[in-house]
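>
Protein chains: 2
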Amino acid sequence: MAAELSPHLLSEKHRPTLDRALEAIRSRDYWSPHPEHPKAYGEGGAPGSLGAAEGKAAFDAVLHTRIDLAQPGTDGWTGGEVSPYGPELAVEYPHADLDVLLPAMRAAMPAWREAGPETRALVCLEILARISARTHEFAHAVMHTSGQAFMMAFQAGGPHAQDRGLEAVAYAYEEQLRVPRTADWSKPQGKRDPLALHKTFTPAGRGISLLIGCNTFPTWNSYPGLFASLATGNPVLVKPHPRAILPLALTVQLAREVLTEAGFDPNLVTLAAEHPGEGIAKTLAVRPEIKIIDYTGSTEFGDWLEANARQAQVYTEKAGVNTIVVDSTDDYRGMLANLAFSFSLYSGQMCTTPQNLLIPRSGITTDAGDKTYDDVVGDIAAAVTGLLGDDARANGLLGALVNPDVKARLDAAAHLGEVALPSREVTNPEFPDATVRTPVIVKLDAAKTDGEPPYLAECFGPVSFAVAVDSTADAVELLRRTIREKGAMTVGAYTTSEEVERAVEGVCLDESAQLSLNLTGGVYVNQTAAFSDFHGSGGNPAANAALCDGAFVSNRFRTLEVRRQR
Amino acid sequence: MAAELSPHLLSEKHRPTLDRALEAIRSRDYWSPHPEHPKAYGEGGAPGSLGAAEGKAAFDAVLHTRIDLAQPGTDGWTGGEVSPYGPELAVEYPHADLDVLLPAMRAAMPAWREAGPETRALVCLEILARISARTHEFAHAVMHTSGQAFMMAFQAGGPHAQDRGLEAVAYAYEEQLRVPRTADWSKPQGKRDPLALHKTFTPAGRGISLLIGCNTFPTWNSYPGLFASLATGNPVLVKPHPRAILPLALTVQLAREVLTEAGFDPNLVTLAAEHPGEGIAKTLAVRPEIKIIDYTGSTEFGDWLEANARQAQVYTEKAGVNTIVVDSTDDYRGMLANLAFSFSLYSGQMCTTPQNLLIPRSGITTDAGDKTYDDVVGDIAAAVTGLLGDDARANGLLGALVNPDVKARLDAAAHLGEVALPSREVTNPEFPDATVRTPVIVKLDAAKTDGEPPYLAECFGPVSFAVAVDSTADAVELLRRTIREKGAMTVGAYTTSEEVERAVEGVCLDESAQLSLNLTGGVYVNQTAAFSDFHGSGGNPAANAALCDGAFVSNRFRTLEVRRQR
Chain A
1 MAAELSPHLL SEKHRPTLDR ALEAIRSRDY WSPHPEHPKA YGEGGAPGSL
51 GAAEGKAAFD AVLHTRIDLA QPGTDGWTGG EVSPYGPELA VEYPHADLDV
101 LLPAMRAAMP AWREAGPETR ALVCLEILAR ISARTHEFAH AVMHTSGQAF
151 MMAFQAGGPH AQDRGLEAVA YAYEEQLRVP RTADWSKPQG KRDPLALHKT
201 FTPAGRGISL LIGCNTFPTW NSYPGLFASL ATGNPVLVKP HPRAILPLAL
251 TVQLAREVLT EAGFDPNLVT LAAEHPGEGI AKTLAVRPEI KIIDYTGSTE
301 FGDWLEANAR QAQVYTEKAG VNTIVVDSTD DYRGMLANLA FSFSLYSGQM
351 CTTPQNLLIP RSGITTDAGD KTYDDVVGDI AAAVTGLLGD DARANGLLGA
401 LVNPDVKARL DAAAHLGEVA LPSREVTNPE FPDATVRTPV IVKLDAAKTD
451 GEPPYLAECF GPVSFAVAVD STADAVELLR RTIREKGAMT VGAYTTSEEV
501 ERAVEGVCLD ESAQLSLNLT GGVYVNQTAA FSDFHGSGGN PAANAALCDG
551 AFVSNRFRTL EVRRQR
Chain B
1 MAAELSPHLL SEKHRPTLDR ALEAIRSRDY WSPHPEHPKA YGEGGAPGSL
51 GAAEGKAAFD AVLHTRIDLA QPGTDGWTGG EVSPYGPELA VEYPHADLDV
101 LLPAMRAAMP AWREAGPETR ALVCLEILAR ISARTHEFAH AVMHTSGQAF
151 MMAFQAGGPH AQDRGLEAVA YAYEEQLRVP RTADWSKPQG KRDPLALHKT
201 FTPAGRGISL LIGCNTFPTW NSYPGLFASL ATGNPVLVKP HPRAILPLAL
251 TVQLAREVLT EAGFDPNLVT LAAEHPGEGI AKTLAVRPEI KIIDYTGSTE
301 FGDWLEANAR QAQVYTEKAG VNTIVVDSTD DYRGMLANLA FSFSLYSGQM
351 CTTPQNLLIP RSGITTDAGD KTYDDVVGDI AAAVTGLLGD DARANGLLGA
401 LVNPDVKARL DAAAHLGEVA LPSREVTNPE FPDATVRTPV IVKLDAAKTD
451 GEPPYLAECF GPVSFAVAVD STADAVELLR RTIREKGAMT VGAYTTSEEV
501 ERAVEGVCLD ESAQLSLNLT GGVYVNQTAA FSDFHGSGGN PAANAALCDG
551 AFVSNRFRTL EVRRQR
């Protein structure tokens with residue numbers, strides 16, 4: 001049977017995009033094939049893509065239905081997601097008998113291995129293209145599982161996630177091509193005939209790859225691992241967060257459709273939705289068939305995986321404590337606006353949101369004059385208040401709290417110190433059941449050293465600590481301690497001093513953290529761009545991998561050699 | 001103070017070699033800058049190199065001395081190596097106070113990081129060049145710690161080890177250059193000004209790298225990890241096997257000499273020799289300063305490291321069970337000679353030596369007629385006997401048993417089944433105290449399934465099992481089980497059938513093992529060539545890393561980014 005998606009057709013459609021992606025990861029310039037603007041989709045936009053109304057209709061149509069993926073070993077149905085905005089999604093997903101599903105996935109490997117790195121990459125690009133065409137539909141699915149506001153769900157859950165997936169494919173493809181397919185080796189032996197061998201080298205996947213999705217970024221945090229594993233020859237079992245199944249179920253559905261059309265076994269990508277309280281991730285993680293795990297979530301479970309899933313390569317993004325060192329600035333208003341936005345975006349529910357502002361007790365110098373610690377904290381509080389004063393704008397930036405735990409942490413944070421900015425309840429007229437809150441800013445003092453200070457723990461959600469320190473030098477040392485002991489996905493600093501800049505940079509290089517300096521415009525410390533920025537460093541306790549680099553892909557396959565005498 | 005070894009001088013001396021090595025790892029052709037022939041060194045040979053007599057004299061001169069490396073925190077002296085050939089080496093080495101030594105090593109990192117990938121690579125090449133010049137001296141040091149015969153100690157301990165070190169440097173250098181030093185990123189914003197960032201990317205080492213050396217290949221198994229870590233910006237603490245300190249102490253001495261001359265802190269490479277019974281590796285492995293570990297040795301301690309040294313990247317080469325599938329051949333004599341040599345070389349004390357010969361009970365077809373199982377086993381035994389009949393030749397191939405454990409295993413093996421070829425004691429006239437033994441070949445039957453069969457455990461040393469199987473298909477399945485459960489550094493097969501070839505290849509690709517097919521000439525299954533062959537796959541239980549590939553280097557450093565607004 002001829003495949004509908006022949007290698008020739010795939011190459012014609014996607015090889016230029018792959019080449020451009022390879023160029024981008026080498027130059028690290030700005031590039032993306034996935035438009036960020038909602039109007040770029042649908043009629044007059046990307047061919048075959050769903051427009052705003054079509055995307056919404058597609059999302060509505062899937063609610064109250066069963067997504068039957070036709071997976072082997074389906075032994076029941078599960079689901080039960082409730083949107084952080086209130087509505088029940090009422091979508092049912094297959095529940096899998098692992099003893100049937102895993103062998104079926106393993107059986108799909110040899111043909112996928114034989115397809116080779118280019119075909120695997122091009123199939124991945126076709127999957128991404130189909131996801132891209134349905135970005136409007138995915139935006140609603142991400143919004144109603146993560147609680148992100150629509151525009152953020154659209155961009156971060158759509159084009160930005162697709163970019164990260166494509167980036168991973170480009171790295172995976174390049175990595176597999178570093179060794180030639182064949183080599184004729186000939187070693188001189190003086191007057192005797194040379195020793196001569198013909199060698200073949202085959203990149204081969206390790207086994208089944210388990211993707212453990214998260215609640216807040218079901219697509220963005222999943223696509224790198226999913227596509228890196230698939231492109232390197234591994235079947236991928238997708239285990240979504242029980243509250244964020246839909247975006248990954250749609251992803252699996254499209255992947256299976258493309259694989260089938262390209263003549264491959266659809267069981268290369270499958271879904272493992274679980275019954276409430278089943279805790280399937282722990283069972284799956286130690287199955288001998290699972291050779292790779294990608295995980296985003298709590299430090300506790302990430303550490304458990306690293307310690308216990310010894311048969312697998314484990315890539316984790318866990319929790320960290322992100323710091324901003326405030327020393328001085330020549331754009332005080334820009335700094336305030338930038339920080340206010342960073343704290344507010346998605347209610348601080350990003351792993352990259354800054355938590356601790358380290359501000360010298362004696363104040364800072366700025367282009368608007370010297371500012372005391374209290375001035376700075378007060379001005380940031382005012383900037384947040386100004387940014388979020390209008391409820392419509394606040395709803396558009398904050399989204400909804402993803403779950404009751406975040407709300408509980410927010411409430412508790414107000415008791416940790418003096419509240420510089422109380423959290424405000426915002427009403428969402430479209431979704432009155434959504435829990436929408438502005439960030440709280442709490443004053444703490446680094447000089448108070450009784451017990452573990454609260455700012456040395458991650459307080460995930462809309463909580464910022466304005467920590468008074470004795471000096472910038474002390475801030476730099478506290479930064480070092482924070483990264484070393486707690487990890488950090490991001491570090492920021494504001495300074496006009498070259499010496500301070502060098503000191504902060506030195507700490508980040510020593511302790512392995514990614515640094516943003518003096519951001520006062522439209523780029524925020526909590527946002528990274530695929531093909532150019534690294535997400536995490538992989539070198540501190542917040543994450544053992546970075547998106548995306550050679551180390552993220554190079555151990556997902558092994559290069560196997562066959563030597564024959566010539 | 002101007003460094004004696006300026007970057008310019010280093011580049012002039014070594015950049016062409018680095019470029020050639022980069023070419024070699026991409027083409028995987030034969031190449032080596034390190035001559036294999038002893039006469040290539042000394043007068044008329046490589047400039048500045050020690051000839052045979054000079055090398056021997058240098059080795060003799062170091063015996064009964066103290067090697068003082070001028071390391072910080074030296075709190076005593078240790079040593080006590082006894083050659084497997086008999087003589088006491090009586091060399092003393094510094095014993096380190098880790099609480100002094102480790103901080104000194106950490107302090108050396110920033111300048112080494114700032115030096116950048118090229119300078120680091122070139123410094124590594126200068127260290128390798130100085131080691132190469134003293135290959136004759138190292139040959140004696142390796143011989144009298146590992147028990148290898150002189151010619152093997154010369155080649156495997158000298159040029160082949162240096163090749164593997166250089167290969168690791170080439171991989172490390174290339175990996176660090178995949179991201180540009182800087183990028184100017186500019187993201188269009190429609191009618192508004194683009195978002196613009198200036199980005200710098202710095203490859204930064206993770207921390208102190210611990211090298212745990214082994215008894216049998218003190219240089220060959222150590223140089224890849226040592227140079228991969230050093231070239232990626234990490235200080236390296238060398239913890240030699242207590243019975244094989246000298247070759248690594250000389251290595252550390254030369255590395256410190258070169259680092260000093262190049263203007264770097266010599267504490268980037270240090271030695272941690274231990275007192276008898278101190279078990280320092282276990283203490284060191286879990287120190288928070290240790291971020292990378294390279295280990296060759298027992299599965300038991302390798303597994304312990306992987307489970308417990310959670311703060312570090314751990315690269316292990318452990319034990320495996322290497323199999324040869326014997327199905328058919330069109331060069332029966334060539335096969336017998338090739339196998340006899342593989343079993344005999346260094347008394348089977350290589351991690352790559354084949355252990356299990358799987359032979360169909362019904363016999364095999366060959367160019368010399370059909371052969372029964374008993375014929376094949378008898379003919380291999382005769383080939384070994386012929387190869388090792390002459391004592392001088394036997395001594396030159398076998399070397400000495402490295403330690404009493406090997407001797408004990410050899411003696412015990414004779415009781416595991418019917419002995420097809422008994423081990424013979426060989427006298428070494430030059431070193432009468434050496435324990436020299438020819439390999440034993442023991443007949444076993446795969447059909448006898450009571451208990452764990454002896455051929456499913458590694459029996460390290462001169463022991464081969466001729467395992468009768470029901471058919472080639474059964475051999476292939478036993479091969480699969482062996483790799484999956486026990487791991488394998490090498491797999492070999494002899495067959496004239498394309499179908500069998502495909503089946504064996506399929507198992508090796510599925511289970512991640514390196515395969516040699518139909519070797520009947522001067523290339524042996526237990527030998528691999530740097531720049532072309534992979535040593536191990538990193539994908540089965542025998543080793544979690546392969547020499548050398550992207551995965552071996554890419555996680556020894558992290559690429560750290562600093563973003564600044566433009």
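Chains A and B are the protein sequences, given in the same order.
If you use full-length UniProt numbering, the first sequence corresponds to residues 1 to 566, in order.
If you use full-length UniProt numbering, the second sequence corresponds to residues 1 to 566, in order.
For each residue, glycine too, the CB sits at the ideal point set by N, CA and C.
Because the structure is a prediction, the values reported are computed rather than measured.
May I have a chain-ordered list of the alpha helix (DSSP H) segments no shorter than 4 residues that lie completely inside the segment 424 to 501 of chain B?
Runs of the alpha helix (DSSP H) inside the segment 424 to 501 of chain B: 472 to 486.
> Closest to Arg-484 of chain B by CA distance: which of B:Gly-302, B:Thr-323, B:Lys-407 is it?
The sequence position of residue 484 of chain B within the second sequence is 484, counting from 1. Nearest C-alpha to Arg-484 of chain B: B:Thr-323.
> Between the alpha carbons of Ala-457 of chain B and Glu-118 of chain B, how many angstroms are there, rounded?
Indexing the second sequence from 1 puts residue 457 of chain B at position 457. Indexing the second sequence from 1 puts residue 118 of chain B at position 118. So the alpha carbons of these two residues sit roughly 44 angstroms apart.
> Would you list the residues sitting across from Thr-365 of chain B in a DSSP beta bridge?
Residue numbering aside, residue 365 of chain B sits at position 365 when the second sequence is read from its first letter. Looking at the DSSP assignment, Thr-365 of chain B forms a beta bridge with B:Ser-328.
> Between Gln-313 of chain A and Ala-412 of chain A, what straight-line distance do the alpha-carbon atoms span, to the nearest angstrom?
In the first sequence, counting from the first residue as 1, residue 313 of chain A sits at position 313. In the first sequence, counting from the first residue as 1, residue 412 of chain A sits at position 412. Each residue's Cα considered, the two are about 37 angstroms apart.
> In angstroms, rounded to a whole number, what distance separates the CA positions of Arg-502 of chain B and Tyr-494 of chain B?
Within the second sequence, the letter at position 502 stands for residue 502 of chain B. Within the second sequence, the letter at position 494 stands for residue 494 of chain B. Each residue's Cα considered, the two are about 12 angstroms apart.
> Which residue comes first and which comes last in the alpha helix (DSSP H) that contains His-136 of chain B?
Position 136 of the second sequence holds residue 136 of chain B. His-136 of chain B -> alpha helix (DSSP H) spans 135 to 146.
> Counting only beta-carbon separations shorter than 9 angstroms, does Met-109 of chain A have a partner in chain B?
Position 109 of the first sequence, counted from the start, is the residue given in the question as residue 109 of chain A. Met-109 of chain A counts as touching chain B.
> Mind checking the segment 507 to 526 of chain A against chain B and listing, in chain order, the residues whose C-beta falls within less than 8 angstroms of any C-beta there?
Hits within the stretch, in order: Cys-508, Leu-509, Asp-510, Ser-512, Ala-513, Gln-514, Leu-515, Ser-516, Leu-517, Asn-518, Leu-519, Thr-520, Gly-521, Gly-522, Val-523.
> Using the beta-carbon count (16 or more within 10 Å), is Met-1 of chain A buried or exposed?
As a position in the first sequence, residue 1 of chain A is number 1, starting the count at 1. Model confidence at Met-1 of chain A stands at a pLDDT of 45, short of 50, so the residue's coordinates are unreliable; what they give is reported in the following sentence. Met-1 of chain A should be labelled exposed.
> Excluding the 5 residues preceding and the 5 following Gly-399 of chain A in the sequence, name in chain order all residues of the same chain whose CB lies nearer than 7 angstroms to its CB.
The count along the first sequence starts at 1 and reaches residue 399 of chain A at position 399. So the list reads Gly-147, Gln-148, Ala-149, Met-152, Tyr-346, Ser-347, once near-sequence residues are dropped.
> At a cut of 8 angstroms, does the segment 153 to 167 of chain A reach the segment 56 to 66 of chain A through at least three beta carbon pairs?
No: the two stretches stay apart, fewer than three of their Cβ pairs being nearer than 8 angstroms.
> For the ligand NAP, I want to know if Arg-20 of chain A counts as a neighbour, meaning its beta carbon is within less than 8 angstroms of at least one of the ligand's heavy atoms.
Questions concerning the ligand NAP fall outside what the structure shown contains, since it holds no ligand whatsoever.
> Closer than 8 angstroms is the cut-off here; do at least three beta carbon pairs connect the segment 241 to 258 of chain B with the segment 98 to 116 of chain B?
They do not touch, by the three-pair rule.
> Tell me whether Gly-225 of chain B sits in a helix, a strand or coil according to DSSP, three-state version.
Locating residue 225 of chain B in the second sequence gives position 225, where the first residue counts as 1. It is helical.
> Quick one: list the residues of chain A neighbouring Lys-318 of chain B, beta-carbon separation under 7 angstroms, in chain order.
As a working mapping, residue 318 of chain B is identified with position 318 in the second sequence. Residues of chain A passing the Cβ test: none, with the nearest at roughly 13 angstroms.
> Roughly how many angstroms separate the alpha carbons of Leu-9 of chain B and Glu-126 of chain B, rounded to a whole number?
The residue labelled residue 9 of chain B in the question sits at position 9 within the second sequence. The residue labelled residue 126 of chain B in the question sits at position 126 within the second sequence. If you take the alpha carbons of Leu-9 of chain B and Glu-126 of chain B, they lie about 10 angstroms apart.
> For a test of the three-state rule: what should DSSP assign to Gln-527 of chain A, helix, strand or coil?
Counting from 1 along the first sequence, the entry for residue 527 of chain A is found at position 527. It is coil, neither helix nor strand.
> Can you list, in chain order, the residues of the segment 295 to 317 of chain B whose Cβ is nearer than 8 angstroms to any Cβ on chain A?
Those would be Glu-306, Ala-307, Arg-310, in chain order.
> Can you name the residues of chain A whose CB is closer than 8 angstroms to the CB of Ser-27 of chain B?
Numbered from its first residue, the second sequence carries residue 27 of chain B at position 27. Within 8 angstroms Cβ-Cβ: Pro-180, Ala-183.
> Got a sec? Which residues, its chain only, sit under 6 angstroms from Gly-417 of chain B by beta carbon, not counting five neighbours each side?
In the second sequence, the residue the question calls residue 417 of chain B occupies position 417. Cβ neighbours of Gly-417 of chain B beyond the five flanking positions: Val-442, Lys-443, Leu-444.
> Hey, does Asp-533 of chain B have any beta-carbon neighbour from chain A nearer than 9 angstroms?
The sequence position of residue 533 of chain B within the second sequence is 533, counting from 1. By this cut-off, Asp-533 of chain B is an interface position.
> What are the boundary residues of the alpha helix (DSSP H) that includes Pro-7 of chain B?
In the second sequence, counting from the first residue as 1, residue 7 of chain B sits at position 7. Here the alpha helix (DSSP H) through Pro-7 of chain B covers 7 to 27.
> Would you give the residue range spanned by the alpha helix (DSSP H) that Glu-88 of chain B belongs to?
Against the second sequence, residue 88 of chain B aligns to sequence position 88. Premise fails: Glu-88 of chain B is in no alpha helix (DSSP H) and is neither H nor E.
> So Lys-199 of chain B contacts chain A; which residues on that side make the cut at Cβ distance below 9 angstroms?
As a working mapping, residue 199 of chain B is identified with position 199 in the second sequence. Under the 9 angstroms cutoff, chain A gives Arg-28, Ser-532, Asp-533.
> Consult DSSP for Tyr-295 of chain B and reduce its assignment to one of helix, strand or coil.
To locate residue 295 of chain B, count along the second sequence from 1; it is residue 295. Here Tyr-295 of chain B sits in strand by DSSP.
> Near Lys-13 of chain B, what residues of its chain come up, given a Cβ to Cβ distance below 6 angstroms and the 5 sequence neighbours on each side ignored?
Sequence index remark: in the second sequence, residue 13 of chain B carries index 13 (1-based). The answer is none, since no qualifying residue turns up.
> Looking only at DSSP bridge pairs, what is His-95 of chain B linked to?
Position 95 of the second sequence, counted from the first residue, corresponds to residue 95 of chain B. The partner list for His-95 of chain B (beta bridge, DSSP) reads B:Gly-76, B:Ala-273.
> Quick one: is Gln-189 of chain A near chain B, going by C-beta distance under 9 angstroms?
For the purposes of this step, residue 189 of chain A is taken as residue 189 along the first sequence, with counting starting at 1. Yes - at least one Cβ of chain B is within 9 angstroms of the one on Gln-189 of chain A.
> Across which residues does DSSP place Gln-189 of chain A in a beta bridge pair?
The residue labelled residue 189 of chain A in the question sits at position 189 within the first sequence. Partner(s): A:Arg-192.
> Against chain A, does Leu-195 of chain B count as a neighbour if the rule is that its beta carbon must be under 9 angstroms from one of theirs?
As a position in the second sequence, residue 195 of chain B is number 195, starting the count at 1. Answer yes: the Cβ-Cβ gap between Leu-195 of chain B and chain A drops below 9 angstroms somewhere.
> So Glu-561 of chain A contacts chain B; which residues on that side make the cut at Cβ distance below 8 angstroms?
By one-based count along the first sequence, residue 561 of chain A stands at place 561. Those are Gln-514, Leu-515, Asp-533, Phe-534, listed as they occur along chain B.
> List the residues of chain B that Ala-551 of chain A touches, going by C-beta distances under 7 angstroms, in chain order.
Looking up residue 551 of chain A in the first sequence gives position 551. Simply Ser-554, Asn-555.
> I need the straight-line Cα distance from Ile-25 of chain B to Glu-175 of chain A, nearest angstrom please.
By one-based count along the second sequence, residue 25 of chain B stands at place 25. By one-based count along the first sequence, residue 175 of chain A stands at place 175. The straight-line gap from Cα to Cα measures roughly 13 angstroms.
> Taking a contact to mean a Cβ-Cβ separation below 9 angstroms, would you say Val-179 of chain A touches Asp-549 of chain B in this structure?
Your numbering for residue 179 of chain A matches position 179 in the first sequence. Your numbering for residue 549 of chain B matches position 549 in the second sequence. Contact flag set, yes.
> Where do the ends of the beta strand (DSSP E) carrying Gln-71 of chain A lie?
Counting from one through the first sequence, the residue named residue 71 of chain A turns up at place 71. Per DSSP, Gln-71 of chain A belongs to no beta strand (DSSP E) and is neither H nor E.
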